[in-house]
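Participant: Starting off with a structure, shown below.
There are 2 protein chains.
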Amino acid sequence: MPHGPLMIIGGAEDKLRKRTILKEFVAAAGGPQSRIAVVPTASSLGPEVSGVYDALFRREGATEVVAVRPESREEAHDPERVAQIEAATGVFMTGGNQLKLSSIVCGTPVGDAIVAAHERGAVVGGTSAGASIQSSHMLAFGGPGSTPKQRMTQMAAGLGLVDAAVIDQHFDQRNRYGRLLMIVAQSPQLLGIGVDEDTAAIVERDDEGHQVLRVIGRGAVTVLDPARITTNAFEAKRSAPILASGVVLHMLPEGSCFDLTTRTLVPPEAQVSEEDAAELSEAGRDLRAMARDIAAADASPGALRRRLARRIRSRGDDPAPTPDDDPAGTAPEQEGPTR
Amino acid sequence: MPHGPLMIIGGAEDKLRKRTILKEFVAAAGGPQSRIAVVPTASSLGPEVSGVYDALFRREGATEVVAVRPESREEAHDPERVAQIEAATGVFMTGGNQLKLSSIVCGTPVGDAIVAAHERGAVVGGTSAGASIQSSHMLAFGGPGSTPKQRMTQMAAGLGLVDAAVIDQHFDQRNRYGRLLMIVAQSPQLLGIGVDEDTAAIVERDDEGHQVLRVIGRGAVTVLDPARITTNAFEAKRSAPILASGVVLHMLPEGSCFDLTTRTLVPPEAQVSEEDAAELSEAGRDLRAMARDIAAADASPGALRRRLARRIRSRGDDPAPTPDDDPAGTAPEQEGPTR
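Protein chains in written order, with the UniProt record's numbering: chain A, 1 to 339; chain B, 1 to 339.
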């Protein structure tokens with residue numbers, strides 16, 4: 001059975017207007033056939049939060065939504081809660097305190113059932129705290145700022161659905177570059193993944209078993225690859241800024257794909273509009289005609305004159321494109337900056 | 001004549017306590033021999049600002065401080081103002097609006113005199129706006145946020161003291177990752193340099209003519225190298241987040257050096273304490289003794305027994321270091337995180 005997709009949402013996903021991310025989650029869970037388990041353990045609110053997602057998911061067409069809310073490790077051993085996860089086609093973890101979520105759920109039957117759900121093909125998603133917990137290593141808490149400083153943040157263990165990675169959320173909005181850089185400087189085998197609000201990193205396996213991340217939503221996903229870092233993170237003192245040189249940065253807006261296994265951007269497929277394609281095909285014809293004209297001129301000037309006269313009689317148009325044309329259709333027509 | 005040092009200060013340099021950066025500026029200008037020209041054109045205040053720096057530089061030992069304040073391009077042609085720059089051993093540009101500073105000064109005799117001062121060996125420094133103007137390309141203004149978005153910022157031309165670069169300031173404090181990334185994504189031949197508050201990038205030429213950046217102060221200097229970027233900056237629409245994949249990031253705290261010409265970290269020199277050095281030298285002796293012991297054992301077990309017996313008689317101590325020792329003194333003694 002193939003692994004299900006993961007949806008790592010940076011918090012504050014749009015719930016009122018376009019609802020791109022919530023729609024995508026319900027669709028991945030099976031649309032009208034979906035049975036969604038909402039895990040609101042990270043939140044201090046509980047019923048209110050699961051009530052909101054219940055309504056949201058039903059509006060997008062889910063037929064069954066159930067709240068699975070262990071509030072202690074003991075409750076996370078409850079067979080009924082485990083069965084609810086086992087029956088789900090999608091598991092959604094809400095925002096809140098990721099350390100509360102991980103310390104109640106990780107390493108319990110409910111936690112294991114979430115991992116098993118992913119492995120049997122269900123979609124597992126989460127927003128904010130529910131995003132953080134999906135990686136092997138979890139950013140537990142920490143301060144804002146773009147300069148990484150020793151001790152500015154704390155790491156704990158996550159569910160491990162994304163291996164060899166650490167996930168951060170509200171990334172742009174809460175200025176969390178520094179803390180993610182600090183973590184990867186101290187653990188350079190990890191990939192740092194920062195997800196903006198109303199943005200999701202969807203992680204799926206491709207045919208070769210690679211985990212490939214695709215971005216949807218309003219913001220971007222930032223990937224920090226410290227494989228070749230030079231750092232003093234092992235000796236920087238107290239709260240001093242730390243050296244982190246040679247980290248490779250990937251800033252990925254909607255539509256980008258990134259191979260987490262090879263740590264490289266998946267080249268975007270060239271998108272050619274129908275209009276461009278028609279123009280390109282016509283240009284191809286013109287170029288072939290021009291090539292024949294040139295060959296004729298090489299044979300003799302008289303042969304070219306006869307060719308051109310024949311063509312003008314039969315088509316009634318210019319024999320060849322002028323230099324000011326754009327025969328290959330390469331000049332993109334788009335709205336760009338005017339500066 | 002060798003070029004003088006540049007001091008690129010990220011704003012809000014400490015003026016009351018340690019005053020590391022201001023001290024360094026006066027020292028570079030010649031200490032008691034220094035004649036400093038303060039250019040407060042960026043500021044809307046003027047006399048108040050130059051008065052503050054007058055007092056600060058005199059406190060650090062400068063004997064002559066003069067304000068050079070053109071308020072129009074015409075005033076920036078004034079021969080007296082030019083002469084004041086020409087007589088200076090240090091030129092300091094204050095904070096304010098870098099676009100005001102550059103539009104009044106760049107390409108005028110006063111601007112040319114600042115460039116000439118650098119070329120004849122004077123120190124040229126500036127804070128905030130006075131930092132931004134030093135690069136060939138100047139970040140004129142723009143919004144905060146760590147995700148780069150199309151049209152979030154605007155570029156203008158600077159003095160060009162640092163070539164092929166764009167400088168940003170208040171970098172950590174005002175969350176300016178996004179705008180610097182946007183600029184380098186659109187102009188990947190430039191190096192992006194972000195300087196935190198109370199932090200300075202000191203740029204000097206080494207023996208090979210490379211511009212080498214050294215960091216002092218409380219924060220860090222962030223360098224973004226987009227040489228191998230993949231980006232959609234040429235076609236991203238309106239204010240959409242832009243793709244910027246493969247940017248190499250260098251986060252440089254105090255004491256780090258970075259070669260701007262080769263775009264690589266200058267490896268820090270190993271710092272070995274006297275105590276460590278003594279231990280290392282003794283360990284060397286022990287290791288040589290051990291090597292001879294092993295050679296003796298290879299010859300015959302009896303030869304080794306005789307060697308060891310001789311040594312114990314003569315030194316009265318253990319014949320060789322035990323495995324729990326740290327003979328090479330490689331375990332650093334420092335204060336590190338306790339987690």
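Every residue gets a Cβ at the ideal spot worked out from N, C-alpha and C, and that includes glycine.
Since I104(A) contacts P70(A) with CB under 8 Å, what's their CB separation in whole angstroms?
Facilitator: Correct: roughly 6 Å between the Cβ atoms.
Participant: Please name the residue, chosen from R81(B), G192(B), G217(B), L45(B), that lies closest to T199(B) on a Cα-to-Cα basis.
Facilitator: Looking at the Cα atoms, G217(B) is the closest of the given residues.
Participant: Which of the three DSSP states, helix, strand or coil, is assigned to P226(A)?
Facilitator: In this structure, P226(A) counts as coil in the three-state DSSP scheme.
Participant: Determine which residues of the stretch 249-267 of chain B have a Cβ less than 7 Å from any Cβ of chain A, and write them out in chain order.
Facilitator: So the list reads L249, H250, M251, L252, P253, S256, L265, given in the order they occur along the chain.
Participant: Starting from L243(B), find everything on chain A with Cβ-Cβ shorter than 9 Å and list it in chain order.
Facilitator: The contacting residues are A220, H250, M251, L252, P253, G255, S256, L265, P268.
Participant: Whether or not the stretch 111-125 of chain B and the stretch 136-143 of chain A are in contact is what I'm after, with contact meaning three or more pairs of Cβ atoms, one per stretch, closer than 8 Å; do they touch?
Facilitator: Touching, no.
Participant: Compare the C-beta of Q173(A) with all C-beta atoms of chain B and state if any pair is closer than 9 Å.
Facilitator: Closer than 9 Å to some Cβ of chain B, the Cβ of Q173(A) qualifies, so yes.
Participant: Between the stretch 125-151 of chain B and chain A, which residues of the former have a C-beta closer than 9 Å to a C-beta of the latter?
Facilitator: Per Cβ criterion, the list reads P144, G145, S146, T147, P148, K149, Q150, R151.
Participant: Using alpha carbons as the reference points, say which of S128(B), G95(B), G246(B) lies closest to P226(B).
Facilitator: That would be G246(B), whose Cα lies nearest to the Cα of P226(B).
Participant: For A122(B) and E269(A), what's the separation of their Cα atoms in angstroms?
Facilitator: Rounded to the nearest angstrom, the two C-alpha atoms are 53 Å apart.
Participant: Can you tell me whether K18(A) is helix, strand or coil according to DSSP?
Facilitator: K18(A): coil per DSSP, three-state reduction.
Participant: Are I9(B) and S128(B) closer than 9 Å when you measure CB to CB?
Facilitator: Contact: yes.
Participant: Near R174(B), what residues of its chain come up, given a Cβ to Cβ distance below 7 Å and the 5 sequence neighbours on each side ignored?
Facilitator: The residues are P144.
Participant: Taking C-beta to C-beta, are A55(B) and A88(B) nearer than 9 Å?
Facilitator: The answer is no: Cβ separation not under 9 Å.
Participant: Name the chain E residues whose beta carbon is nearer than 8 Å to that of D196(B)?
Facilitator: Annotation note: the requested chain E is absent from the structure, which comprises protein chains A and B.
Participant: Put V184(B) into one of helix, strand or coil per three-state DSSP.
Facilitator: Here V184(B) sits in helix by DSSP.
Participant: Could you name the residues that DSSP lists as bridge partners for K149(A)?
Facilitator: Answer by DSSP bridge pairing, in chain order: P241(A).
Participant: Given P5(A), which residues of its chain have a CB within under 6 Å of its CB, disregarding the five upstream and five downstream residues?
Facilitator: Once the five neighbours on either side are set aside, the close Cβ partners of P5(A) are A28, V123, I202, E204.
Participant: Can you give me the start and stop residues for the alpha helix (DSSP H) that F57(B) sits inside?
Facilitator: Counting along the chain, the alpha helix (DSSP H) containing F57(B) begins and ends at 47-59.
Participant: Taking a Cβ distance cut-off of 7 Å, strictly less, list which residues of the stretch 181-192 of chain A are near chain B, in chain order.
Facilitator: Listed in sequence order: L181.
Participant: If distances are taken between C-alpha atoms only, which option among S72(A), V215(A), F234(A) comes closest to M7(A)?
Facilitator: Checking every option, the nearest Cα to that of M7(A) belongs to V215(A).
Participant: Kindly indicate the opening and closing residues of the beta strand (DSSP E) around A67(B).
Facilitator: Per DSSP, A67(B) belongs to the beta strand (DSSP E) from 64-67.
Participant: Strictly by DSSP, which residues pair up with E204(A)?
Facilitator: Its beta-bridge partners are V212(A).
Participant: With a 10 Å radius around its C-beta and 16 neighbouring C-beta atoms as the bar for buried, classify Q84(B) as buried or exposed.
Facilitator: Its Cβ being crowded by 16 or more others within 10 Å, Q84(B) is buried.
Participant: Name the chain B residues whose beta carbon is nearer than 7 Å to that of Y177(A)?
Facilitator: Chain B residues near Y177(A): S146, Y177.
Participant: Pair every Cβ in the stretch 285-293 of chain A with every Cβ in the stretch 288-296 of chain B, then say whether three or more of these pairs are closer than 8 Å.
Facilitator: The stretch 285-293 of chain A is not in contact with the stretch 288-296 of chain B.
Participant: Counting contacts by CB-CB distance shorter than 9 Å, is V212(A) in contact with chain B?
Facilitator: V212(A) does not count as touching chain B.
Participant: Please classify E24(A) as buried or exposed, where buried requires at least 16 other C-beta atoms within 10 Å of its C-beta.
Facilitator: It counts as buried.
Participant: Can you grab the Cα-Cα spacing for the pair D259(B) / L265(B), in whole Å?
Facilitator: Distance between the alpha carbons of D259(B) and L265(B): 6 Å.
Participant: If you drop the 5 nearest sequence neighbours on each side, which residues of the same chain put their C-beta closer than 7 Å to that of E119(A)?
Facilitator: The residues are H3.
Participant: Please classify E208(B) as buried or exposed, where buried requires at least 16 other C-beta atoms within 10 Å of its C-beta.
Facilitator: The residue is exposed, with fewer than 16 neighbouring Cβ atoms inside 10 Å.
Participant: Show which residues of chain A have a CB atom less than 7 Å away from the CB atom of T230(B).
Facilitator: Neighbours of T230(B) on chain A, chain order: L265.
Participant: Assuming H118(A) is part of the beta strand (DSSP E), what are its boundary residues?
Facilitator: Element bounds for H118(A): not the beta strand (DSSP E) but the alpha helix (DSSP H), 109-119.
Participant: When you compare the CB of G246(A) with every CB in chain B, is at least one pair closer than 9 Å?
Facilitator: Output row for G246(A): interface = yes.
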